[in-house]
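**Student:** Numbering (the working numbering), first residue to last: 202 to 451. A virtual CB, placed ideally from N, CA and C, is assigned to each residue, including glycine. Have a look at this one before I ask anything.
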Ligand SMILES: [Mg+2]
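Here it is in structure tokens:
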């Protein structure tokens, strides 16, 4: 049976996400601290700087507490951040209205920085080329927005599994993507870097899987139907091999 559909993970599959998030994490918090110092001079004189009361590490710890307290929202990272910021801004002394305004501002700043990323070499042309032969979907637990990256036109289905509160490794996001694309697991391949969140659930559904091993050194045994790649641009060669071996694209 041929492969007619490809679903992609995003973070660490189409770009290197770690430096992006480190920059966004520090950047939006510094922006918030500096904005508050400028906008609320009375609070600054009375209480000192916001980030001295709530250093970045405390913000991060607070997010972990909130995620444990609201297990149904643990995968909605933007909601958890907003909740943590609201808590600390009101404790710092802002009114409810101001706390909402400045937490929204900080989240927007985070999202702007979060989308200042560099695709792995060749990704844009890879997607354009694959889109001519396959139905493409995206399934992410993160908060990357393909519209902000001007990549959404490549994809017939975009599933933000974390914000939908059914994050991978649940199989539902894969099934929703395939349903929207009019495809079935047996004729689809998922491409992703996480063994737990990408490879295992897609394999369990009977999808083909291209596992992007970013370390390049993981030699664990692979189940039938799972292929290890070290870079997403190796995908066309894998698809060509499958076609030569009897799997044909649509
Ligand atoms: Mg990933």
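Using the beta-carbon count (16 or more within 10 Å), is residue 336 buried or exposed?
**Tutor:** The residue given as residue 336 occupies position 135 in the chain shown. The residue is buried, with at least 16 neighbouring Cβ atoms inside 10 Å.
**Student:** Roughly how many angstroms lie between the CA atoms of residue 257 and residue 240, to the nearest whole one?
**Tutor:** To locate residue 257, count along the chain shown from 1; it is residue 56. To locate residue 240, count along the chain shown from 1; it is residue 39. So the alpha carbons of these two residues sit roughly 20 Å apart.
**Student:** Taking buried to mean at least 16 other C-beta atoms within 10 Å of its own C-beta, is residue 271 buried or exposed?
**Tutor:** The residue you call residue 271 lines up with position 70 of the chain shown. Residue 271 is exposed by the Cβ-count criterion.
**Student:** Looking only at DSSP bridge pairs, what is residue 308 linked to?
**Tutor:** Counting from 1 along the chain shown, the entry for residue 308 is found at position 107. Note: residue 308 sits in no beta bridge, so no partner.
**Student:** Pick out every residue whose C-beta is nearer than 6 Å to a heavy atom of ligand 1: which are they, in chain order?
**Tutor:** Chain-ordered list of matching residues: 210, 212, 213, 214, 393, 394 and 395.
**Student:** Is the beta carbon of residue 339 closer than 8 Å to that of residue 360?
**Tutor:** Taking the first residue of the chain shown as position 1, residue 360 is located at position 159. Taking the first residue of the chain shown as position 1, residue 339 is located at position 138. Contact: yes.
**Student:** Can you tell me the Cα-Cα spacing of residue 368 and residue 315, whole angstroms?
**Tutor:** Residue mapping note: residue 368 aligns to position 167 of the chain shown, counting from 1. Residue mapping note: residue 315 aligns to position 114 of the chain shown, counting from 1. Cα to Cα, the separation comes out at about 19 Å.
**Student:** Tell me whether residue 431 counts as near ligand 2, meaning its Cβ is closer than 7 Å to at least one heavy atom of that ligand.
**Tutor:** Ligand 2 is not part of the structure shown, which contains ligand 1 as its ligands.
**Student:** Less than 6 Å between C-beta atoms, sequence neighbours within five positions excluded: which residues of the same chain meet that for residue 281?
**Tutor:** Translated into positions along the chain shown, residue 281 becomes position 80. These residues qualify, in order along the chain: 264, 267 and 268.
**Student:** Determine whether the beta carbon atoms of residue 401 and residue 422 lie at a separation below 8 Å.
**Tutor:** Along the chain shown, read from residue 1 onward, the residue named residue 401 stands at position 200. Along the chain shown, read from residue 1 onward, the residue named residue 422 stands at position 221. The answer is no: Cβ separation not under 8 Å.
**Student:** Given a threshold of 16 other Cβ atoms within 10 Å of its Cβ, counted over all protein chains shown, does residue 285 qualify as buried or as exposed?
**Tutor:** Along the chain shown, one-based indexing puts residue 285 at 84. By the neighbour-count rule (16 or more Cβ atoms within 10 Å), residue 285 is buried.
**Student:** In angstroms, rounded to a whole number, what distance separates the CA positions of residue 362 and residue 279?
**Tutor:** To locate residue 362, count along the chain shown from 1; it is residue 161. To locate residue 279, count along the chain shown from 1; it is residue 78. Distance between the alpha carbons of residue 362 and residue 279: 13 Å.
**Student:** DSSP has residue 407 in a bridge; who is on the other side?
**Tutor:** Within the chain shown, numbered from 1, the residue matching residue 407 stands at position 206. Residue 407 is not bridged to any residue.
**Student:** Going by the CB atoms, is the gap between residue 283 and residue 304 shorter than 8 Å?
**Tutor:** Translated into positions along the chain shown, residue 304 becomes position 103. Translated into positions along the chain shown, residue 283 becomes position 82. Going by C-beta atoms, residue 304 is nearer than 8 Å to residue 283.
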